[in-house]
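Heads up, the thing below is written out as structure tokens.
Residue numbers (our numbering): 13 to 107.
Structure follows, in structure tokens:
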């Protein structure tokens, strides 16, 4: 996985975390950066521009942070309404 792909993956994890926990994206990005021992997402990005690349262990640590705090449908990338939306598709019209 390239450096850009790893940062994109981290950002996607933060985005899912933010949506699931109803916090802002920048807060979630900072949480992920903190898990990787950076003071903020900005510092993480600055380090990546200076050739820092997260290790496999660091990526696993960030994924674990998100996985433990997300409902299954967010971990899979499924919108929140999906688990119940199917009911409207199969419920017979009683009109």
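All C-beta atoms in this analysis are idealised placements derived from N, C-alpha and C, irrespective of residue type, glycine included.
Q) What is the rounded straight-line gap between the Cα of residue 63 and the Cα of residue 49? A) Walking along the chain shown from the start, residue 63 turns up at place 51. Walking along the chain shown from the start, residue 49 turns up at place 37. Residue 63 and residue 49: Cα-Cα distance of roughly 16 Å.
**Q.** DSSP three-state assignment for residue 68, whether helix, strand or coil
**A.** As a working mapping, residue 68 is identified with position 56 in the chain shown. Collapsing the DSSP output to three states places residue 68 in a helix.
Q. So what does DSSP say about residue 110, is it helix, strand or coil?
A. Nothing about residue 110 can be read from this structure; the chain reaches only from 13 to 107.
Q. Rounded to a whole number of angstroms, what is the C-alpha to C-alpha distance between residue 70 and residue 16?
A. Translated into positions along the chain shown, residue 70 becomes position 58. Translated into positions along the chain shown, residue 16 becomes position 4. So the alpha carbons of these two residues sit roughly 15 Å apart.
Q: Please classify residue 62: does DSSP put it in a helix, a strand, or coil?
A: Translated into the one-based positions of the chain shown, residue 62 becomes position 50. Here residue 62 sits in coil by DSSP.
Q: Using three-state DSSP, classify residue 101 as helix, strand or coil.
A: Position 89 of the chain shown, counted from the first residue, corresponds to residue 101. Reliability of the predicted coordinates at residue 101 is poor, the pLDDT of 45 falling under 50, and no value is obtained from them.
**Q.** Own chain residues within Cβ distance below 7 Å of residue 52, not counting five before or after
**A.** Here residue 52 refers to the residue found at position 40 when the chain shown is read from its first residue. Only 42 and 45 meet the Cβ criterion.
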